[in-house]
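All remarks here apply to the structure that follows.
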Amino acid sequence: MTQQNPVYLRWRAGRPQPEEERFDNLDAALDAVEARWETLQHQVPQILDHRRILMLSTAEILQLAEEEDEAPSPEPKA
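This is how it looks when you write it as structure tokens:
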């Protein structure tokens with residue numbers, strides 16, 4: 019599957035209308051989710067493609083976050 023740009027991060031911040039932020043690519047959107055996870059995890063985050071069709075649901079983002087937490091950290095070089 020070819021990745022089309024841009025992608026959108028959408029979340030609910032307590033208002034009827036969801037908030038949305040545009041990113042140049044999926045990696046940038048995932049980095050933003052990771053950086054703001056403490057807040058976003060309770061606000062139903064979703065990642066949408068350039069047509070605003072769901073790419074990653076909240077459950078899938080949560081799964082990615084859990085996998086990140088379980089990954090072993092690299093050993094320091096001597």
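Take the sequence shown: its position 2, counting from 1, is numbered 20 in my numbering, and each next residue is one higher. Think of the CB as a built atom: it goes at the ideal place given N, C-alpha and C, for glycine as much as any other residue.
Residue burial classification, residue 53 (beta-carbon count within 10 angstroms, cutoff 16): Of the residues assessed, residue 53 falls on the exposed side of the cut-off, its CB having fewer than 16 other CB atoms within 10 angstroms.
Boundaries (first-last residue) of the alpha helix (DSSP H) holding residue 79: Looking at the DSSP string, the run of the alpha helix (DSSP H) that includes residue 79 is 76-88.
Opening and closing residue of the beta strand (DSSP E) in which residue 62 lies: Counting along the chain, no beta strand (DSSP E) covers residue 62, and no H or E run does either.
Span separating the alpha-carbon of residue 77 from that of residue 64: Those two C-alpha atoms are separated by around 9 Å.
Nearest residue (CA-CA) to residue 41, options 31, 70, 59: The option with the nearest alpha carbon to residue 41 is 70.
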